[in-house]
Amino acid sequence: MPSIKTTIKAQPTIFVIFGGTGDLNWRKLAPAIYNLYLENSLPENFAIIGTGRTKLSDEEFREKLLEGINKFSRRGKADKKDWAQFCHHVFYQISDVQKEETYTELRGRIEKLAKDWKQEPQVIYYLAVSPNFFPVIARNIASHKLSENVDNTRLVFEKPFGHDLESSKALNQLLGELFDEKQIYRIDHYLGKETVQNIMAFRFANSLFEPLWNRNHIEHVQISVTEQLGVGDRGGYYEGAGALRDMVQNHLLQLLCLIAMEAPTNFGAEEVRNRKVDVLHAMRRFSKEEVRLNAVRGQYGQGWIEGKEVPGYREEEGVDPDSNTETFAAAKFFIDNWRWQGVPFYVRTGKRMHQTASVISIQFKDVPHFIFPPETTETWQQNRLVISIQPEMSIRLQLQAKRPGLEMVLNTVDMVFDYKGTYAFEAPEAYETLLLDTMVGDQTLFMRADQVEAAWDLLMPILNAWQAKKSLNFPNYSADSWGPEVAEALIARDGFHWFSLPLSTKKYTKDGEHI
Ligand code: NAP
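Here this note's numbering is used: the first residue of the sequence shown is 5, the next is one more, and so on.
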C-alpha cells in the first residue's frame, strides 16, 4: 500500500542546489533524488539545477552525479536506460553565490522552465554550502524575488544552523524577515532515518509501553552515537565545531526529544514540534559548577583501528596541533517535569570509537523483590529496551527467561524486531524521505526556529565553560576505545555503565557462556 505522501504527485518541481559540486550533493542528495525518480515519486516535469564555481558543462556535471549515484546509492549502479531518461532533467550553472548575476541567471532559467512546462513550478532551494553563505544566499533569493510565492518556494538549510545561541537567533531573525516560516526547512537528517521515525510509531501506536514510560518504571536512558571514523579531511570545519555542536545540539537532542516527548494530539507538524520543544524547555540548564559535574569531553589520540595505524586528532589535516576541540562529549541531563523528574538521560558521542553505532537504551527499574535463589540469576539484568538506529536497525526488549535444562537458571534473552528479518524490501535513505517531505510541504521532520534555539540555549553553559577552560589532558582517549575515562566515571558515579550494541548472533551455551 503506498503511503499518502507518495500518492500526492507534487506539482512541477525545480531543485536548485547551491553547492551542486560538493560532497553532500554527490553522496546524498543526487542519489536520493534519483531514487525518488525510480520510485515514481517525482512529477513528470522536474529539473535539478546544480550550482558552483567549478567550470563544468551540463554533461560533465551529469557524469559527476552519475559517478556518485553508482558509488553511493542504496540501489547500486544506475540502470543505463533509467539514467538516460533522468539525466535530461539535470543542469549546471557556473556561478558564485556572492554575485548578483547568479540570481538573475537563475530567475531566467526558472522562468524558461515554467514557460516550457506551461505551469508555474515549485522551487526548492537547497543550501548545501558552508553556513557562512546562508545569509547572502537568503538575502539574494528574497531581493531577486525568487521566493515571493510562499506556497511554491521552499529553502532547505543544512546543519549546522548557527554556531551558538546568538548566531542561530540572528539567522532565524534574518530568515523570518525574508520568508514565511512555512518556507524554511532546517534539516536534521537523523529525523529522516526509518528507525528514528519509528520511535513515534513504537511509542504512540502501541498501548503497551505508555503506562511504563515514566519515572515510576524507567531507571535511566542512554543515547549513544559513536563513530569509528575520525575527522578525515573535514578537520578545518570540525576545529570550529566539536562534538557538542556537531552532534549533540542536533541529532542527540532530537533523539532525546522523541523518547521524552508527551503524546501529541495528532501527527501534524506543529503539534509534533510543539511537544518536542516542550522537552527542550523542560531540560535543566546547568550552572558553571553543574557543567563540571554533568558534562565531560574528550579528544582522540593516535591508535590502531582494525590493524591500521590512525593519526590523533591533533595530527589531522587542518587541525591546530594544540587544539582544544572535543571529538567526544558526554553529558547527564535531567528533564524537570512530572514524567521524568529524577530520571537521568545520559548522552554520549565520539569519533574514532570502538564501534560505529547509534543506540538508545531504556533501562527499566529492577523487580521489587527477588524470588529466585542467587545461583539461578548469575546473568541477571534489569529489563532493557534497546532501539538500534544504525548499523543494525532493530528494537530489542531484553527480558529474563529460563535457560533450557533440568535446573532453574535464568538468562537475559532478546525479543527482537529487526528490519532485515521483517521486511523484504529496503528502507529509503533519510534524504529520500526528507526531500519528498520538502516537495509535499510536510515540515514534521524538520526543525522549527524555536527548537533550534532551545537546543542551543541548553548547551550554551557547557560550550562556554569548555571554551573558557582549555582541557589540559587532551588527547585523553585512544582510537578504537569507548572514549575517555571521565565518561565512564560520569555514569559509574550513579552505579551504571555505558551499554554497547548487543550482537544479534550471540547465543548461550549450556554452561551459560554467551558466545
Ligand atoms: P563541500 O564538499 O565543501 O562543498 C561546498 C560546496 O560549496 C561546493 O559545491 C562549492 O562549489 C560550493 N561553494 C563554495 N564557495 C562557493 C561560492 N562562493 N559560490 C558558489 N558555490 C560555492 O561541502 P559539503 O560537505 O557538501 O557540505 C555542504 C553543507 O552541508 C555544509 O553546510 C555542511 O556542514 C553540510 N553537511 C554536509 C554533510 C556531508 O555529508 N557532506 C552532512 C551534513 C551536513 P565550488 O567549489 O564549485 O564553488
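Note that CB positions come from ideal geometry on N, CA and C, so glycine has one too.
For residue i, count neighbouring C-beta atoms within 10 Å of its own C-beta (all shown protein chains included) and say buried if the count is 16 or more, exposed if not.
i, result
"Gln-367", "buried"
"Lys-163", "buried"
"Trp-502", "buried"
"Arg-289", "exposed"
"Gly-166", "buried"
"Ala-496", "exposed"
"Ile-122", "Here residue 122 is Lys; the residue named in the question, Ile, does not match the sequence. Result: exposed."
"Pro-522", "Coverage of the chain is limited to positions 5 through 519, which leaves residue 522 absent and any answer about it impossible."
"Asn-474", "As written in the sequence, residue 474 is Lys, which differs from the Asn given in the question. Exposed."
"Ser-134", "exposed"
"Phe-374", "exposed"
"Trp-342", "exposed"
"Gly-347", "A small correction: the amino acid at residue 347 is Val; Gly does not occupy that position in the sequence shown. The residue is buried, with at least 16 neighbouring Cβ atoms inside 10 Å."
"Pro-378", "exposed"
"Gln-386", "exposed"
"Ala-335", "buried"
"Glu-320", "buried"
Does DSSP put residue i in a helix, in a strand, or in coil?
i, result
"Met-5", "Confidence is the limiting factor: at Met-5 the pLDDT is only 41, short of 50, which leaves the residue's position unreliable and the question unanswerable from this model."
"Gly-346", "coil"
"Trp-486", "coil"
"Val-276", "helix"
"Lys-312", "strand"
"Thr-448", "coil"
"Met-419", "strand"
"Ser-211", "coil"
"Met-357", "strand"
"His-193", "helix"
"Ile-53", "strand"
"Leu-131", "strand"
"Ile-98", "strand"
"Gly-24", "coil"
"Thr-17", "strand"
"Met-287", "strand"
"Lys-473", "coil"
"Asn-499", "Position check: residue 499 holds Gly in this sequence, whereas Asn was assumed. It is coil, neither helix nor strand."
"Val-200", "helix"
"Leu-401", "strand"
"Tyr-107", "helix"
How about residue i and residue j: are their beta carbons less than 8 Å apart?
i, j, result
"Gly-302", "Phe-337", "no"
"Leu-60", "Ile-98", "yes"
"Val-229", "Ser-362", "yes"
"Tyr-107", "Leu-46", "no"
"Tyr-189", "Phe-213", "no"
"Leu-414", "Gln-404", "yes"
"Asn-44", "Pro-16", "no"
"Ile-391", "Ile-203", "yes"
"Ile-263", "Val-323", "no"
"Ile-364", "Ile-227", "yes"
"Val-252", "Met-265", "no"
"Leu-169", "Met-287", "no"
"Pro-101", "Ile-141", "It should be pointed out that residue 101 corresponds to Val in this sequence rather than to Pro. Their beta carbons are under 8 Å apart, which means Val-101 touches Ile-141 by this criterion."
"Glu-243", "Ser-327", "yes"
"Asp-418", "Met-397", "no"
Ignore the nearest five residues each way along the sequence and tell me which others in residue i's own chain have a CB closer than 6 Å to its CB.
i, result
"Ser-7", "With a pLDDT of 48 at Ser-7, under the threshold of 50, the modelled position of that residue is not reliable, and the figure given next carries that caveat. Within the same chain, Ser-7 has no close Cβ partners at all."
"Arg-407", "Val-413, Asn-415"
"Val-490", "Val-300"
"Val-295", "Pro-465, Ile-466, Ala-469"
"Ala-51", "Ile-18, His-93, Leu-117"
Kindly list the residues whose CB is nearer than 7 Å to the CB of residue i, restricted to its own chain and excluding five residues on each side of it in sequence; keep chain order.
i, result
"Met-5", "Here the model assigns Met-5 a pLDDT of 41, short of 50, so the residue's position is not dependable and the matter cannot be decided."
"Asn-29", "Ile-21, Gly-23, Gly-54, Ala-132"
"Arg-31", "Gly-72, Phe-76"
"Ala-273", "Asp-446, Gln-447, Thr-448"
"His-193", "Ala-434, Tyr-435, Leu-438"
"Arg-111", "His-148, Leu-150"
"Glu-275", "Pro-268, Thr-269"
"Phe-450", "Tyr-189, Arg-190, Ile-191"
"Pro-395", "Thr-360, Ala-361"
"Val-154", "Asp-184, Lys-186, Gln-187"
"Phe-208", "Ala-267"
I'd like the list of long-range same chain contacts for residue i, defined as Cβ closer than 8 Å, with 5 residues on each side in sequence excluded.
i, result
"Arg-139", "Before going further, note that residue 139 is Pro rather than Arg in the sequence given. Same-chain partners within the cutoff: Leu-175, Leu-178."
"Leu-70", "Ala-82, Trp-87, Cys-91"
"Phe-65", "Gly-24, Thr-25, Gly-54, Val-94, Phe-95, Tyr-96"
"Gly-180", "Ala-453"
At what residue ranges does the region 133 to 193 contain a whole run of the alpha helix (DSSP H), taking only runs of 4 or more? 138 to 147, 169 to 182
Minimum length 3: unbroken beta strand (DSSP E) runs contained in the region 37 to 93: 50 to 56
Uninterrupted alpha helix (DSSP H) stretches inside the region 208 to 252 (no shorter than 4 residues): 239 to 243
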